[in-house]
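Student:
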Amino acid sequence: MVDNKSPIMERIAEANKAATTGIDATDIKNWIEIYIMGKAYKVPADLTILTAMEYAGYKFVRGVGCRQGFCGACATVFRKKGDYKLQTGMACQTRAEDGMYLVQIPFTPAEKADYDITKEPYEASVFIKYYPEVTRCVSCNTCTKACPQDLEVMDYVQDAIRGDFNALADISFDCIQCGLCAMRCPAEIVQYHVAQLGRRMFGRYGQGVPDHLRKRVKEINEGKFNQEMARITTCAIDELRKIYTEREKEPE
Amino acid sequence: MAELTYIEGYPEYMRKEIEKVAKTRDKRLDYTPPAMTMKQRDEVLRVHPDYAPGGKREISVGPNKGQNAPNEVADLLEAYPLVEKGEVDLSQIDYNPDILIIGGGLAGTSAALWAHDSGVAKENILLTNKLRHGDANSIMAEGGTQAADREVDSIVKHYIDTIGGGHFTNKPDVTRALVEDAPLIMKWLCELGAIFDREENGDLAEKLAGGLSVKRMHSCRDYTGLEEFRVLRDEFRTRGISYLEHYPAIELLTEGNRVTGAILWNIETGDYKIVKAKATIIATGGYGRLHIRGFPTTNHYGATFDGVVLAYRAGAKLRDIDAVQYHPTGAAYPIQIVGYLLTEKLRGSGAQPVNADGEAFVYPLEPRDVEAASIIRECYVRDKGITTPTGLRGVWLDTPLIEIKNGKGYIEKAFPGMIRMYKRYDIDIRKDPVLVFPTLHYQNGGVETDPSGRTNIEGLWVAGEVSGGVHGKNRLMGNSTLDCLVFGRRAGMSTADYVKSYSGEISVTIDHLNQYVQQLEEAGIKRTRRAPIILPDYRGKAALARMIDVF
Amino acid sequence: MTTTKPETTKTTATGNSKIPYYPGCTLKTTAKNFENSALAAARALGIELLEIPRWNCCGTVFSLADDDLIHHVASVRNFIRVQEMNDYGLVKNENRLVTLCAMCFNTLKSTNLRMKNNAEDLSKINDLMYREEDYQGKVEVIHFLEVLKALGFEKIHDRVKKPLKDLKVAPYYGCMILRPQEVGIDDPEDPTIQRDLLESLGADAVDTPYKRVCCGSYQTVKDKDIVAELAYDILTHAQKEGAEALATVCPLCAFNLDHRQKEVKAKHPDFTEIPVFYVTQLMAIAFGLDGECYGFDQNYVDPRPLLRKKSLIEQQQES
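Residue numbers (the numbering used here), protein chains in the order written: chain A, 32 to 283; chain B, 7 to 557; chain C, 564 to 882.
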């Protein structure tokens, strides 16, 4: 029994149990019913789609990755109770709700073009060359509606068509490449790959390598710091400690 | 218990607590608690999970026998292999690359790119992944990458900050490599087209972080690792380098004292593949999913320590394996996101940790272990934490301060990921603080290497979180993505040199496993545990209790 | 949503009129010289063409199929953006949408007419785009030439600082601003709007019967030969009438008549190259505007030798 007098570490472990081990039904007060690929399961109320499926007994080897909304592995299609709309989201970021119907999308078989960005002109033509289907965009906005990151996907496709790399990079930056946009697109555009190409072009040509960075790399190659590094890497711990404690700090 | 009423994401009683934070905000605007002295640091570290009693034991077998490790780590090092003598057919070689890379995060992927750059043909490199290429802690790195590239900065300062943060336990030669290569790595990323935050004049925008003496943190909003990684993966795919997905390595293969490949396991169908390789790079990341001391984690689903387990059985030496990094600010509320990372960049941008009385109780940018211990002390020793409806305790991270200091609109621009994460639970981090508590974040130690990533075992290199030494016993923010990129590169180049000059024939055996099993048996360890565990298990207890294994 | 409400801008003290401006993709890529020269010329006349925020592709080609509503969505979305400009105060009671590109003009205006004349189509499209505010059917699609005409060619003449004296230019109209009649901005059989404009700039407008013959349009992608033959006819007939250059407002016509001269020359070795201007480039020259906006680098046949000969640009004038 863990109580207020128990060692701190035991109390912390007890409080975090739900996030570190499988959930024990006896700890749960509120329940909901969800339909995983059509089958009904009773699961605790405060879970994400991902953890609700795990509670139900699924051990994921597909459709799961970072579990925190960064990797785009757990794309999910779901429908809420009483709603006709098929919605999309990340299983790890979407709350499981009572009456939800859901299925996970384990893989996006989308084609990524091969290119060497060092050999491409910094122009809209690069998109037409590698992803000519972008011009098929009819501006239906289905991609935007599908995006679990709430990005304005259609807008960045339009930016690609007109060669506005800066705007494309800005709008598409938070893309986690889950592929839901491409799967919903009636024009068969692979938006997230288009964006990747555009961002790299912007990074390389729109931003480039700043002078201060170029300069520092040159200084290191020329051995500017060699002497000091040799000294600091061999000096005694006590001296290092002193240097560390007394070092100047740049103000915020 | 009565149903709770929620107001903008928080239950009513927590709303009252939030008012206390709002009330002291103006006062705290110009007040930052002073940084701790070395003595104060030592004192607070007593409640850090690494130092609090009961968490560790001696490892009873292998190269590091007799050294301390967290129980969960020792459990896996003392576990029996998944395959033993006679259980696998090694006569049929399925893949025969020059270089096998296990793990496709930042480290593994940059190793592949640099090996390719160094003249190894794309079909002679094989990168294998447990899940998808890029399902890794790398892409979850929010805050940034350190590199001393400003005029006022120097690689020497970077070195001193890193060593001091690591409590002077770092291995000097590898730490030197880390700081020396950092600017070169930044240049490489820029050339590949990674988009970093910039100043108006086009210079890289750089920030402070815990333990840094100079602004040196480069970020890509709060998706730094994601941006760096997806650029590398795009380049990797474009070059057509061979890779496998959903094929974790379950054991290394050896010939005498050298590593000659690995056994891969199809995680969906269960069959195995034999890879024979002249050089093997392990880049499998860390161990957050071991939930050391029962802590939640910021880590990826597959962060289960596999790489170290495999290397250790083959005779690789470990170091600093006793030191676990807990990130000071994991989410403590709501329950769905407990343990998720709230980047240190938030504190670097002005957010303060605040206790239940609305007091700023700690310098926001202490090294991570000190900061984490201070929060634990506030919650469990001084009883100035806030308790959530599910019984967790935490302190506030006063995020609204960020916009007061940096101007309106700053959070949306710099922390889109954080806004998004909390918005899903109706919390607006621009208006309200968030509740935080330390979360298991990083494997400080690991397999020991030389500056090229080479281990004490011939044919075996490691890169990234799986390695030990570069961070000593405590890693600074911004040095992990850097670690992956620097030592991925070095391992890629070093293995390329190695395989080009190696002409002898090699064979594959699992003799080292047989020897290890013998050691385990001699040490009297029962056959209750097997490793690597590949993935953690979060299935509901009720479902597990009634499962029948039929197929 | 990543979009933020645009800042309200005030009408300038001089009373410049601000009109929502729809560029289209070509003007941002291969016809930057058209956009730059037009925006500068408009500014010189006190007209501010205000780029529509978040504009998207016009739809490229107006779909004639009755049941192909989805291809009109793109156009309608742009009309909604114009409504939003009014809502956000970027413009005041301004329902005009002005285009430079003749293709965009034709597509947008055709769709707009269909929406105005067919309430059922409009409501279907509005339903499909339920996340947008409804299109109210009030936008008016106009071409920049119409803005100029409304302003009055005498006013344009007054603004001229460097008359295009002795420059013989054949206005070329193509199809998109003339046909079909309900979309066209001028007499489809005998258009005069470009002639009037050129004359107000001081140029000699040369008439040619080929001024409204199709340039070959998108055949240029599939079969360069068809276009080369058409271009040969159009260009040589203009030359026969004494033209030293052509002027157009359509980027596709410009491409086919200018860039395809390479293919024309290959098929007809006797052919002499002839510059093709966007009429706005000529406006910019006549107004004496900064050479930066001319953008001659994007012209295939370099018009600078001709302009130098006529003393319309400096001997060493770049771009």
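For each residue, glycine too, the CB sits at the ideal point set by N, CA and C.
1) Compare the Cα-Cα distances from glutamate 49 of chain B to each of B:His333, B:Arg236, B:Glu377, B:Ala366 and report the closest residue.
2) By Cβ distance, which residues of its chain are closer than 6 Å to alanine 665 of chain C, with the 5 residues on each side in sequence left out?
3) From glutamate 762 of chain C to lysine 246 of chain A, what distance separates their C-alpha atoms?
4) Chain A partners of valine 636 of chain C, CB-CB under 7 Å?
5) Rounded to whole angstroms, what is the Cα-Cα separation between leucine 869 of chain C and arginine 758 of chain C?
6) Out of curiosity, what's the CA-to-CA distance linking aspartate 767 of chain C and valine 864 of chain C?
7) Could you compute how far the alpha carbon of glycine 465 of chain B sits from the alpha carbon of lysine 284 of chain B?
8) Starting from arginine 374 of chain B and walking both ways along the alpha helix (DSSP H), at which residues does that stretch end?
9) Please work out which residues of its chain come closer than 8 Å, Cβ to Cβ, to phenylalanine 174 of chain B, disregarding the five sequence neighbours upstream and downstream, and give them in chain order.
10) Does tyrosine 544 of chain B pass the burial test, meaning 16 or more other C-beta atoms within 10 Å, or should it be called exposed?
11) Let's see if you can read the secondary structure: which residues bound the alpha helix (DSSP H) around proline 422 of chain B?
12) Distance cutoff 8 Å, beta carbons only. Does arginine 193 of chain A sit that close to anything in chain B?
13) In this structure, how does DSSP classify methionine 564 of chain C when only helix, strand and coil are distinguished?
14) Between which two residues does the beta strand (DSSP E) containing tryptophan 62 of chain A stretch?
15) Residues in its own chain within less than 8 Å of arginine 640 of chain C by CB, not counting five upstream and five downstream?
16) Suppose the cutoff is 8 Å on Cβ atoms and the five residues either side in sequence are ignored; what does the same chain contact list for leucine 96 of chain B look like?
17) In angstroms with no decimal places, state the Cα-to-Cα distance between glycine 397 of chain B and aspartate 432 of chain B.
18) Considering only their Cβ atoms, is the gap separating proline 39 of chain B from alanine 366 of chain B smaller than 8 Å?
19) Determine the burial state of threonine 207 of chain B: buried for a count of at least 16 other Cβ atoms within 10 Å of its Cβ, exposed for fewer.
20) Since glutamate 183 of chain A meets chain B, which of its residues come closer than 8 Å, beta carbon to beta carbon?
21) Please state the DSSP three-state secondary structure of alanine 110 of chain A.
22) If contact is defined by three or more beta carbon pairs under 8 Å, each pair taking one atom from either stretch, is the segment 268 to 278 of chain A in contact with the segment 162 to 173 of chain B?
23) Name the chain C residues whose beta carbon is nearer than 8 Å to that of glutamate 154 of chain A?
24) Would you call alanine 529 of chain B buried or exposed, if buried means 16 or more other Cβ atoms sit within 10 Å of its Cβ?
25) In whole angstroms, what is the alpha-carbon distance linking histidine 164 of chain B and glycine 120 of chain A?
26) Using the three-state DSSP reduction, which class does alanine 75 of chain B fall into: helix, strand or coil?
27) Using the Cβ count rule (16 or more neighbours within 10 Å means buried), how would you classify phenylalanine 242 of chain B?
28) If you check the beta carbons only, do isoleucine 408 of chain B and tyrosine 416 of chain B fall under 8 Å apart?
29) Counting only Cβ-Cβ distances shorter than 9 Å, please list the residues of the segment 229 to 246 of chain A near chain E, keeping chain order.
30) Can you pull out the residues from the segment 45 to 58 of chain B whose beta carbon lies closer than 8 Å to at least one beta carbon of chain A?
31) Compare the beta carbon distance of alanine 810 of chain C and valine 842 of chain C with 8 Å and say whether it is the shorter of the two.
32) Under 8 Å between beta-carbons, which chain A residues line up against isoleucine 633 of chain C? List them in chain order, please.
33) Look at glycine 149 of chain B and glycine 291 of chain B and say whether their C-beta atoms are less than 8 Å apart.
34) With distance defined between alpha-carbon atoms, name the residue in B:Gln449, B:Gly494, B:Leu482 nearest to alanine 469 of chain B.
35) Span of the alpha helix (DSSP H) holding tryptophan 618 of chain C?
36) How is methionine 260 of chain A classed by DSSP in three states: helix, strand or coil?
Tutor: Once the coordinates are examined:
1) In the second sequence, the residue the question calls residue 49 of chain B occupies position 43. Ranking the options by Cα distance to glutamate 49 of chain B, first place goes to B:Glu377.
2) Along the third sequence, one-based indexing puts residue 665 of chain C at 102. Around alanine 665 of chain C: Met739, Ile740, Val812, Cys813.
3) For the purposes of this step, residue 762 of chain C is taken as residue 199 along the third sequence, with counting starting at 1. For the purposes of this step, residue 246 of chain A is taken as residue 215 along the first sequence, with counting starting at 1. For glutamate 762 of chain C and lysine 246 of chain A, the distance between alpha carbons rounds to 58 Å.
4) Translated into positions along the third sequence, residue 636 of chain C becomes position 73. Those within 7 Å of valine 636 of chain C in chain A are Val169, Ser170, Cys171.
5) On the third sequence, residue 869 of chain C is found 306 positions in, with the first residue counted as 1. On the third sequence, residue 758 of chain C is found 195 positions in, with the first residue counted as 1. If I take the Cα positions, the gap works out to 20 Å.
6) Within the third sequence, numbered from 1, the residue matching residue 767 of chain C stands at position 204. Within the third sequence, numbered from 1, the residue matching residue 864 of chain C stands at position 301. The alpha-carbon atoms of aspartate 767 of chain C and valine 864 of chain C are separated by roughly 20 Å.
7) As a working mapping, residue 465 of chain B is identified with position 459 in the second sequence. As a working mapping, residue 284 of chain B is identified with position 278 in the second sequence. Each residue's Cα considered, the two are about 6 Å apart.
8) Position 368 of the second sequence, counted from the first residue, corresponds to residue 374 of chain B. Residues 374 to 386.
9) On the second sequence, residue 174 of chain B is found 168 positions in, with the first residue counted as 1. Correct list, in chain order: Gly478.
10) On the second sequence, position 538 is the one that residue 544 of chain B refers to. Classification for tyrosine 544 of chain B: buried.
11) Numbered from 1 along the second sequence, position 416 holds the residue referred to as residue 422 of chain B. Its alpha helix (DSSP H) spans residues 422 to 429.
12) Locating residue 193 of chain A in the first sequence gives position 162, counting from the first residue. Answer no: the Cβ-Cβ gap between arginine 193 of chain A and chain B never drops below 8 Å.
13) Your numbering for residue 564 of chain C matches position 1 in the third sequence. For methionine 564 of chain C, the predicted structure reports a pLDDT of 38, less than 50, and the residue's modelled location is therefore unreliable. A value from the coordinates is still provided. Of the three classes helix, strand and coil, the one that applies to methionine 564 of chain C here is coil, per DSSP.
14) Residue numbering aside, residue 62 of chain A sits at position 31 when the first sequence is read from its first letter. It spans 62 to 67 - the beta strand (DSSP E) in which tryptophan 62 of chain A sits, taken as one unbroken run.
15) Taking the first residue of the third sequence as position 1, residue 640 of chain C is located at position 77. Result list for arginine 640 of chain C: Asn619, Met692, Glu695, in chain order.
16) To locate residue 96 of chain B, count along the second sequence from 1; it is residue 90. Leu259, Ile280, Val514, Thr515, Ile516.
17) For the purposes of this step, residue 397 of chain B is taken as residue 391 along the second sequence, with counting starting at 1. For the purposes of this step, residue 432 of chain B is taken as residue 426 along the second sequence, with counting starting at 1. Answer to the nearest angstrom: the Cα atoms are 20 Å apart.
18) As a first step, residue 366 of chain B is located in the second sequence; it is residue number 360 there, counting from the start. As a first step, residue 39 of chain B is located in the second sequence; it is residue number 33 there, counting from the start. Going by C-beta atoms, alanine 366 of chain B is nearer than 8 Å to proline 39 of chain B.
19) Numbered from its first residue, the second sequence carries residue 207 of chain B at position 201. Residue identity differs from the one stated: residue 207 of chain B is asparagine in this sequence, not threonine. Asparagine 207 of chain B comes out exposed.
20) By one-based count along the first sequence, residue 183 of chain A stands at place 152. What glutamate 183 of chain A touches in chain B: nothing, since even the nearest Cβ is about 13 Å away.
21) The residue you call residue 110 of chain A lines up with position 79 of the first sequence. Strictly speaking, residue 110 of chain A in this sequence is arginine, with alanine absent from that position. If DSSP states are grouped into helix, strand and coil, arginine 110 of chain A belongs with the strands.
22) yes
23) Counted from its first residue, the first sequence places residue 154 of chain A at position 123. The contacting residues are Thr592.
24) Position 523 of the second sequence, counted from the start, is the residue given in the question as residue 529 of chain B. Exposed, because fewer than 16 other Cβ atoms sit within 10 Å of the Cβ of alanine 529 of chain B.
25) Counted from its first residue, the second sequence places residue 164 of chain B at position 158. Counted from its first residue, the first sequence places residue 120 of chain A at position 89. Those two C-alpha atoms are separated by around 41 Å.
26) For the purposes of this step, residue 75 of chain B is taken as the residue at position 69 of the second sequence. Alanine 75 of chain B falls in the strand class under three-state DSSP.
27) Translated into positions along the second sequence, residue 242 of chain B becomes position 236. Under this definition phenylalanine 242 of chain B is a buried residue.
28) Start at 1 with the first residue of the second sequence, and residue 408 of chain B comes out as number 402. Start at 1 with the first residue of the second sequence, and residue 416 of chain B comes out as number 410. A contact, by the Cβ cut-off of 8 Å.
29) The structure shown contains no chain E; its protein chains are A, B and C.
30) Val53, Pro55, Ala58
31) Within the third sequence, residue 810 of chain C is the residue found at index 247, counting from 1. Within the third sequence, residue 842 of chain C is the residue found at index 279, counting from 1. For alanine 810 of chain C and valine 842 of chain C, yes; Cβs fall inside 8 Å.
32) What you label residue 633 of chain C is simply residue 70 of the third sequence in a count that begins at 1. Those within 8 Å of isoleucine 633 of chain C in chain A are Val169, Cys171, Pro217.
33) The residue given as residue 149 of chain B occupies position 143 in the second sequence. The residue given as residue 291 of chain B occupies position 285 in the second sequence. No. Outside cutoff.
34) As a first step, residue 469 of chain B is located in the second sequence; it is residue number 463 there, counting from the start. Out of B:Gln449, B:Gly494, B:Leu482, B:Gly494 has the C-alpha closest to the C-alpha of alanine 469 of chain B.
35) Position 55 of the third sequence, counted from the first residue, corresponds to residue 618 of chain C. Element bounds for tryptophan 618 of chain C: n/a, residue is neither H nor E.
36) If you number the first sequence from 1, residue 260 of chain A lands on position 229. Helix at methionine 260 of chain A.
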